[in-house]
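Read in order, the letters of the sequence shown are residues 6 to 325 in our numbering.
For reference, the structure discussed in these notes is given below.
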Amino acid sequence: MDTDRVVVALDVGGTGMKCALVRPDGVAVRTERHPTNAARGPAAVVGTILDVAVGLADKARADGLTPIALGIAVPGVVDEARGVAVWSANVGFRDVPLRDLAAKRLGLPTALGHDVRVGGLAEARLGAGRGAGHVLFVAIGTGIAAAHVIDGTAAVGAHGAAGEIGHILVRPDGPRCGCGRPGCLETIASAAAIGRRYAELAGAAPDGTATAVTAAEVAERAAAGEPLAARVWQDAIEALADGLASGQALFDVSTIVLGGGLAQAGDRLLVPLRAAVHERMTFHREPRLVAAALGDEAGCLGAALLALDALRVHDHEEKR
Ligand SMILES: [Zn+2]
C-alpha cells in the first residue's frame, strides 16, 4: 500500500475543531486544534473550517504527502447523503451545504458526517468495538447520543437524526429536557445533568454548600461514601441502564462502547453499570460493555473513514 496518501479530517465542535491528516490505515500523522468561535455565527465558522482544511492540505503537500479526500464531522442534525449540516444548537448551522462548499474550495472529494456517528464508526472499526460486527457507541457528555454501527457502517436514519438515545423517556416525572419534554435520559445521566442535580440537591441541604461540581467529582465523592453523591451517581447509573436496555432491545448488539467525558470515570461507571444492565436483561443477550479506546481523536478518525468509504463507492461506480 502506498503510504504517502492522506485524508484531511476535521471534527468541528461548539468550542474547538480537532483536525488531522489521517493515513488510509487509520493512523493520524499530524494533528492540530483550532478554536471554533461559534459566537461569530455560522458563515464565519464555515469560513474557518474551509481555511483550516486548505491549510492542512497544503501542509500535507509540503511534507510530500498527497491529500486524496476531505472528511468533516459536525454536531446536530446532518444529512450525510446531501452533505448538508441541517441544524446545530451549538455551532448555529441551518441548512449549510458544507460538503459541496468544501469540495469546491479544496478540489477534493468530500464527505460530511455527524460527530457522534463518525466517532462510533471509528470506535467500531479501529477502537474498542473492533471485530464486534454489531456495536452501539454511546457518547455521554453535555448530552447523550449514540451510533449504531453494523459491519462498519453507522445508521444515519431517514432524516439524518438516528441515535438520539439521550431523548429516550426514562423518568416520566423527571426534569424537563432541553428538547422540551420531561424525563429524557440525558436529564438524569449526562455528565452535565449529574453535576447539575448534585449542585441542586446540595443547595437544599442544611449546610447550604452548593457549588459547581463536575460529574467526575460526583463519582469521586460517591466512591468516598458521601450519601448525596452516591444517590445522584446511582440515579444516573440506573437511568443509563434503562436507556441501554432499550437500546439492546432494539439493536441486539454484541458490544456497547461508552465514550464522551463520563466514560473517563472508568470502573466507577462501568462496574455498577454492567450490573444494572445485567439485572435488566430477560431473554435478551447481554452486550459486552466497554470504555471507548480512541479518546477525543475518534471524531477525526471517523471523519477520515467516512471520506475513504465515499471514495471507494465513487471509484466502484466509475469502474462499472
Ligand atoms: Zn429530550
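Every residue, glycine too, gets a C-beta built ideally from N, C-alpha and C.
Based on Cα-Cα distance, which residue from the options lies nearest to residue i?
| i | options | result |
| --- | --- | --- |
| VAL318 | ALA220, VAL276, PRO114 and GLY125 | PRO114 |
| HIS139 | GLY188, VAL258 and ALA33 | VAL258 |
| VAL83 | VAL121, ALA220 and THR287 | VAL121 |
| ALA221 | LEU190, GLY265 and GLU205 | GLY265 |
| GLY248 | ALA281, VAL175, ASP314 and THR260 | VAL175 |
| SER93 | GLU284, LEU106, VAL123 and GLY165 | GLY165 |
| LEU131 | GLY307, VAL79 and ASP320 | GLY307 |
| HIS283 | GLY304, GLY300, ILE261 and ASP301 | ILE261 |
| ALA108 | THR192, ALA62, HIS153 and VAL50 | ALA62 |
| ARG35 | ALA14, ALA244 and GLY185 | ALA14 |
| ALA152 | ALA280, VAL223 and PHE256 | PHE256 |
| ALA49 | LEU299, VAL96, ALA33 and ASP68 | VAL96 |
| ALA228 | GLU191, LEU274, ARG186 and ALA207 | LEU274 |
What do you reckon, is the C-beta of residue i under 7 angstroms from a heavy atom of ligand 1?
| i | result |
| --- | --- |
| HIS283 | no |
Closer than 6 angstroms: residues whose CB approaches a heavy atom of ligand 2:
Within the structure as shown, ligand 2 is missing, the only ligands being ligand 1.
Extract the residue ranges of the alpha helix (DSSP H) inside the region 111 to 175, only unbroken runs of 4 or more that lie entirely within it.
120 to 131
Pick out the complete alpha helix (DSSP H) segments inside the region 229 to 313, 4 residues or longer, and give them in chain order.
232 to 256 and 272 to 285
What are the start and end residues of each continuous beta strand (DSSP E) run of 3 or more residues lying completely inside the region 79 to 114, in chain order?
The region 79 to 114 is shown to contain whole beta strand (DSSP E) runs of 3 or more residues at 82 to 84, 89 to 92 and 99 to 101, in chain order.
Cβ pair count under 8 angstroms reaching 3, the region 140 to 149 against the region 57 to 67
no
Taking 8 angstroms as the threshold, find out whether the region 12 to 25 comes into contact with the region 41 to 52 through three or more Cβ pairs.
yes
Three CB pairs or more closer than 8 angstroms across the region 273 to 293 and the region 304 to 313:
no
Counting pairs of Cβ atoms below 8 angstroms between the region 148 to 165 and the region 67 to 79, do you hit three or more?
no
Using 8 angstroms as the threshold, is the region 199 to 208 in touch with the region 229 to 238, meaning 3 or more CB pairs across them?
The answer is yes - the region 229 to 238 touches the region 199 to 208, with three or more Cβ pairs under 8 angstroms.
Is it the case that the region 265 to 282 contacts the region 145 to 153, given that we only count it when at least three CB pairs across the two stretches are under 8 angstroms?
yes
Continuous alpha helix (DSSP H) assignments of at least 4 residues falling wholly in the region 24 to 69:
47 to 67
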